[in-house]
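Here is the structure we will look at.
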Amino acid sequence: SAVISQKPSRDICQRGTSLTIQCQVDSQVTMMFWYRQQPGQSLTLIATANQGSEATYESGFVIDKFPISRPNLTFSTLTVSNMSPEDSSIYLCSVLSPTSGNEQFFGPGTRLTVL
Amino acid sequence: GENVEQHPSTLSVQEGDSAVIKCTYSDSASNYFPWYKQELGKGPQLIIDIRSNVGEKKDQRIAVTLNKTAKHFSLHITETQPEDSAVYFCAASLYSGGGADGLTFGKGTHLIIQP
Chain A
573 SAVISQKPSR DICQRGTSLT IQCQVDSQVT MMFWYRQQPG QSLTLIATAN
623 QGSEATYESG FVIDKFPISR PNLTFSTLTV SNMSPEDSSI YLCSVLSPTS
673 GNEQFFGPGT RLTVL
Chain B
0 GENVEQHPST LSVQEGDSAV IKCTYSDSAS NYFPWYKQEL GKGPQLIIDI
50 RSNVGEKKDQ RIAVTLNKTA KHFSLHITET QPEDSAVYFC AASLYSGGGA
100 DGLTFGKGTH LIIQP
């Protein structure tokens, strides 16, 4: 399995500001995903981020609000822009296993609170 | 798009008894069905998965069954222990040779093991 780290682990932000979340993997992976988990809820896919191409966003999520970068095969960032209290969630990155190809492993998550 | 239903939302069992969590999915094209365990403050941990060409898979106390015709799959945990207490999520996705879609998750089951 891949070892995934995220920074920051948690943050408290003021509405109207932006936060960039980093995801680092210990091996090269082609496909990375970003998910949102609202308090006490399930996980919802935000976007798929493949190295070398634009991120693909799911219905209800747009690039202006959640810009994603994927500069290389071990790193990605998700920015939550112009935040409001409704953006308070846990944001998780996941990767496809570099060996099995369809197992997805998750990072520990970034807990975001917007005041 | 895919829709995954999960039941029950909460399950309380006596230590040593078995626990069963059930999920149904809507998209017959989905071919990969993982189960995740999430403990408080942590990211989801993959515990077992099954592909659509297999009807059952077992790993020690954990087993998953898949009925492709009925589009449902289940997680079975035998001889439950206190450390099994957590939230369990089922998920579905489409995996092809070139990669995989992001996961569609069920709403989760809070499993409580009573001592």
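Those protein sequence lines, which keep their order, are chains A and B.
Quick note: the first sequence uses my numbering, first residue 573, plus one each step.
Quick note: the second sequence uses my numbering, first residue 0, plus one each step.
Just so you know, even glycine gets a beta-carbon here, dropped at the ideal spot from N, CA and C.
- Chain-ordered, the chain A residues with CB closer than 7 Å to the CB of residue 41/B read 680.
- Identification of residues in the region 65–94 of chain B having a C-beta nearer than 7 Å to some C-beta of chain A yields 88 and 94, given in sequence order.
- Residue 90/B places its beta carbon less than 8 Å from that of residue 102/B.
- Excluding residues up to 5 positions away in sequence, 669 lie with their Cβ nearer than 6 Å to the Cβ of residue 675/A in the same chain.
- Cβ neighbours of residue 60/B within its own chain (closer than 7 Å, five residues either side excluded): 76, 77 and 78.
- A Cβ-Cβ separation of about 6 Å places residue 578/A in contact with residue 665/A under the 8 Å criterion.
- Among the bridge pairs identified by DSSP, residue 682/A is matched with 663/A.
- Look at residue 83/B here: in three-state DSSP terms it is helix.
- Sequence-ordered contacts of the region 599–626 of chain A with chain B read 602, 603, 605, 614, 615, 617 and 620 [C-beta pairs closer than 7 Å].
- For residue 21/B, the closest Cβ of chain A is not nearer than 8 Å.
- For the set 680/A, 677/A, 597/A and 593/A, the Cα lying nearest the Cα of residue 638/A is the one of 593/A.
- Closest in alpha carbon position to residue 582/A, among 575/A, 591/A, 576/A and 574/A, is 591/A.
- Taken atom to atom, the span from the alpha-carbon of residue 18/B to that of residue 646/A is near 38 Å.
- Using a Cβ-Cβ cut-off of 8 Å, residue 32/B does not count as an interface residue toward chain A, since no Cβ of chain A sits closer than that to its own.
- In this structure, the straight-line span from the alpha carbon of residue 64/B to that of residue 26/B is close to 17 Å.
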